[in-house]
Amino acid sequence: MKYTRLTQEQFEELHPEFIRFLAAQTIDKNEWDELKHTQPEVAEQELDVFSDLIWEGVLTRTRYLEHFSSTHVFLFECLDTRIESIIIKSLRPDVDLLTHEGLQWLNQEMFGSEVEIRLGQKEYTQERNTDIFSLIQQGAYLSGGEMYQQLMQVIRS
Numbered sequence: 543m544k545y546t547r548l549t550q551e552q553f554e555e556l557h558p559e560f561i562r563f564l565a566a567q568t569i570d571k572n573e574w575d576e577l578k579h580t581q582p583e584v585a586e587q588e589l590d591v592f593s594d595l596i597w598e599g600v601l602t603r604t605r606y607l608e609h610f611s612s613t614h615v616f617l618f619e620c621l622d623t624r625i626e627s628i629i630i631k632s633l634r635p636d637v638d639l640l641t642h643e644g645l646q647w648l649n650q651e652m653f654g655s656e657v658e659i660r661l662g663q664k665e666y667t668q669e670r671n672t673d674i675f676s677l678i679q680q681g682a683y684l685s686g687g688e689m690y691q692q693l694m695q696v697i698r699s
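According to our numbering, the sequence shown is numbered sequentially starting from 543.
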């Protein structure tokens, strides 16, 4: 397995897609139920293959990621050969960027002396999707990129 298995909740949401996946392998509901009962290891492998297919599709379409911690905001743009980042760091230890108040403070003080903003870029160390998945496992989540784009526009002007 290349990524991780989808959760039960994710499988439930993707139930129609999973049915089509099984149908493409000429496995109907009765065969699937029998497979789970008589060959659970094969059924587990099917779940893993489906999970990897879903992850691969999601990661291929991923363009922006965000990750927040109490002191940092990491904004990522995932390009074809590299990932670019905007790293925002609060220099005030009493501000928690995971709170509503902390984010309000950041919004007001974004370009003040108590906020450090750095730009970075890095070539993918593995393959693109594997590196993006690694960031997700570390707590990043998919984003529409609004914050990244707005901040980049201000930085470039």
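Even for Gly, the Cβ is constructed at its ideal location relative to N, Cα and C.
None of these values were measured; they are calculated from a predicted model.
**Message:** Runs of 3 residues minimum, wholly inside the stretch 582–631: which ones carry the beta strand (DSSP E) assignment?
**Reply:** The stretch 582–631 contains these whole beta strand (DSSP E) runs: 606–610, 614–620.
**Asked** When the Cα of Ala-682 is compared with those of Leu-595, Phe-618, Asn-572, which residue comes out closest?
**Response** Phe-618
**Asked** Terminal residues of the continuous alpha helix (DSSP H) containing Tyr-690?
**Response** 688–698
**Message:** Using the three-state DSSP reduction, which class does Gly-644 fall into: helix, strand or coil?
**Reply:** helix
**Asked** Which residue from Ile-630, Gln-668, Phe-592, Ile-569 puts its Cα closest to that of Glu-656?
**Response** For Glu-656, the nearest C-alpha among the options comes from Ile-630.
**Prompt:** Terminal residues of the continuous alpha helix (DSSP H) containing Ser-685?
**Reply:** Looking at the DSSP string, Ser-685 is not in any alpha helix (DSSP H); the run it does join, the beta strand (DSSP E), is 683–685.
**Asp-622 to Arg-603 span [Cα, whole Å]** = 11 angstroms
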